[in-house]
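Anchor point for the sequence shown: position 552 equals 1640 in the numbering used here, and the numbering is continuous, going up by one each time.
Where is the CB? At the ideal position from N, CA and C, for every residue including glycine.
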Amino acid sequence: MYQILLSIWRSKVNKEAGLKSIYELRNYKFVIESYQRGYRWDSKQVTELLEDLLEFQKTGNNLYCLQPIIVRKVDENKYELIDGQQRLTTIYILLKFLKQEEYLYGIEYKRPNSKEFLENIESEENINNLDFYFMKNAYTTIKKWFHVVSENEQTGNLKGRFISLLLENDKNVRFIWYEVKDKNISSEEIFTRINVGKIPLNDAELIKAKLLYDVKSERKEEKYLKQIEIGNEWDRIEKDLQNDSFWRFLVNYKKEKSNRIEYIFDYVAKEAEEKTKSKSNKSKNITENEEHSTFEKISQLMQEQIVNKDNWYTEEKDFWDNNVKKYYYIFKDWYKDPEIYNYIGFLNFYNNKEGNTYSLIKEYEKCTEKTNFKAYVKNLIIKDVINDVENLDDLDYEENGEQLKKLLILFYILTLNKMQEKFPFEKYKKDEWSLEHIHPRNIKSMGNDKEKWKSLCDDEIITIKDFIELFKNRNDKEKFELYNNILRKMEELRQNIENKKDAVILEEFEAIKDLSKNEYGEEFMNSIANLTLLDKDTNSKIGNNFFDTKRRELINAEKTGVYIPICTKNVFLKFYSKNPNHIYFWTKEDREDYKNALKEELQKFVESESESENNE
């Protein structure tokens, strides 16, 4: 609160201060101009307000002050809302939920259909922009909160108490009211001065205010049209960036910003800094650690270029077109090309050095042909993986897990490139894909669930019988007899499961499996020949089951909508096996064929390095 009051004081804005009840606002109309950010309160903020109001109601204190609203009078009972739109809009939505229509003040965003959406928010389902999404989410949050609190507290008429709290004058819920009187300072400038010091306002929102305030035009109508154009394009860009498929191949950050368009402004600011330094030594040095450094860099460049009448841009519309939209259209171009999309996504996940995307942008701008850029990006990947591909046979799950994971991702990408399909980086990030052993390293205990133990034994009996048939056809008498002995032991265990404890079953099962370990071999267990990729949850579910059980579990998972990576499906369908006769287990021949197919694809890619260099 102190910061806000101090900001207003320092701005030397004459104002009329006071308190106004929600009841007093019922005849007012508030206009929110396009220079402001949209409604962005999430469920947490809405819930905190409700909890705060409830606590105040319980205490019986005399005065509850809602955060300040700063306004400028436009006409009789009509005000431009400069600051405080988040809370004022939330209270409006709360009154809509409480069905207090006669006490509603008017509130209108200078965005298409916002007024209509708010007025019909109870039934409105047409969520086609971010503002509407957050408004509807606020209404849903309020509805759920009242339901939960009413049930948990069993305190009677909760809605009635809130209506009384908000609308009866003696309850003393008030907005702190500041009315700006000074006509010599613009509303947009007041907004910026107030909000530069406020944590919730980010660089993107400050830049938006500046863009829409500073648009140059002697004609008011022309200025308004330019504001509308920039505002609409801003929303379209942000909407595209909110599409995780579009977003995730570009960005792999642990901590994300609320407005994704801010990343575009980070690139613009970097370019602005470079251009400023090359043209003038008088520029203020703005470090990356400074608060709102992106906003400050862009503002500085805008001012310098306008003063110097530089041809880079002369007004904000040119700045918007030549910079923000430029980066956006570059990203769109990458997104449309599956191969470029896959390569850049790979680099951002596995070679994500600082400034990586920006350097790619600069290289893209230099290339006269898209094929040249594609060759450049491809070559970056080759340089990154060439050592791992050459040493593939020596890589081990325990010591080289991340390298093996990276090579499998590249293998999947190369597979999808042939199909002109995109790798799902958004799923890879969200679902936390991990390495899965095709043939299990350890036996998974079934606890005291006898039926599951029986089912496991049944699966293993099928596998053993398949081995017996295999060795019979090979005339391998020694192994034929060995596996007949293993079969007898497994069938005996199966028959006596009901009479055995879990620990005993597990011990005997593992002992029987040890008899066949030479056939499976231990040397391949942690090699790429026995590894594929799965999302974390599915990996955990299928765990240490055998090949055929895993295959059936994956089929069932996919039927329920779980995304199974294409090469993982190929493995369990034995797509890479030259003679896929034995569907119940992962044979030595299967793993050799799989490893060879993988190595061949990766080596072919690496060996294209010279071709890529020639195309640069």
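Own chain residues within Cβ distance below 7 Å of residue i, not counting five before or after
i     : result
I1501 : N1430, F1434, F1511
E1453 : none
D1328 : F1334
K1103 : Reliability fails at K1103, whose pLDDT of 45 lies under 50, so the model's placement of it is uncertain and the value that follows must be treated cautiously. Correct list, in chain order: I1096, Y1266, E1267, V1268, K1269.
N1667 : E1677
R1249 : Q1145
Three-way DSSP call (helix, strand, coil) for residue i in this model
i     : result
L1661 : coil
E1451 : helix
R1562 : coil
P1426 : helix
T1620 : strand
I1215 : coil
W1521 : coil
Y1116 : coil
Y1197 : strand
V1650 : coil
V1395 : Because V1395 carries a pLDDT of 44, less than 50, the predicted location of this residue cannot be relied on, and the following value inherits that uncertainty. V1395: helix per DSSP, three-state reduction.
T1402 : Below a pLDDT of 50, predicted positions are generally treated as unreliable, and T1402, at 46, falls in that range; the measurement from the model is reported next regardless. Coil, per DSSP.
E1384 : helix
K1638 : helix
S1238 : helix
K1666 : coil
S1615 : coil
Cβ-Cβ distance between residue i and residue j below 8 Å
i     : j     : result
P1156 : I1264 : yes
F1353 : D1291 : yes
T1637 : D1547 : yes
I1630 : E1641 : yes
I1556 : Y1571 : yes
V1650 : T1626 : yes
I1318 : W1233 : no
L1113 : Q1188 : no
I1273 : S1122 : no
E1478 : L1619 : no
L1169 : L1183 : no
K1247 : L1154 : no
I1585 : K1515 : no
I1278 : I1179 : no
L1294 : F1383 : yes
Y1446 : Y1355 : yes
Cβ shell of residue i (< 6 Å), same chain only, five flanking positions each side left out
i     : result
D1519 : D1623
L1575 : I1552
V1694 : I1470, I1474, V1477
A1645 : T1626
N1165 : N1115, Y1116
Environment of residue i [buried if 16+ CB atoms lie within 10 Å]
i     : result
K1494 : buried
Q1583 : exposed
N1678 : The amino acid at residue 1678 is misidentified as Asn; the sequence shows Asp. Its Cβ being crowded by 16 or more others within 10 Å, D1678 is buried.
A1226 : buried
E1688 : exposed
R1639 : buried
S1211 : exposed
G1172 : buried
D1219 : buried
N1475 : exposed
H1235 : exposed
N1488 : buried
L1313 : exposed
R1562 : exposed
S1202 : buried
V1712 : Nothing about residue 1712 can be read from this structure; the chain reaches only from 1089 to 1704.
K1683 : buried
I1643 : exposed
L1421 : It is Asp, not Leu, that sits at residue 1421 in the sequence shown. With fewer than 16 Cβ atoms within 10 Å of its Cβ, D1421 is classed as exposed.
Contacting residues, own chain, Cβ-Cβ under 8 Å from residue i (five flanking each side not counted)
i     : result
M1223 : Y1127, T1177, I1181, F1205, L1206, I1209
Y1438 : D1472, K1494, I1497
L1107 : C1153, R1262, F1263, I1264, W1265
Y1416 : I1325, D1328, I1352
D1130 : F1222, N1225
Opening and closing residue of the alpha helix (DSSP H) in which residue i lies
i     : result
L1338 : Taken as a continuous stretch (DSSP letters only), L1338 belongs to no alpha helix (DSSP H), as it is neither H nor E.
I1597 : It should be pointed out that residue 1597 corresponds to Phe in this sequence rather than to Ile. F1597 -> alpha helix (DSSP H) spans 1590 to 1602.
K1263 : Residue 1263 is actually Phe in this sequence, not Lys. Element bounds for F1263: not the alpha helix (DSSP H) but the beta strand (DSSP E), 1261 to 1268.
Q1691 : 1676 to 1694
Q1173 : 1173 to 1185
K1271 : K1271 -> no alpha helix (DSSP H), and no H or E assigned at all.
L1498 : 1485 to 1507
Closer than 7 Å: residue i CB and nearest the ligand FAD heavy atom
i     : result
N1208 : Among the components of this structure there are no ligands whatsoever, and the ligand FAD is therefore not found.
N- and C-terminal bounds of the beta strand (DSSP E) containing residue i
i     : result
Q1155 : 1152 to 1163
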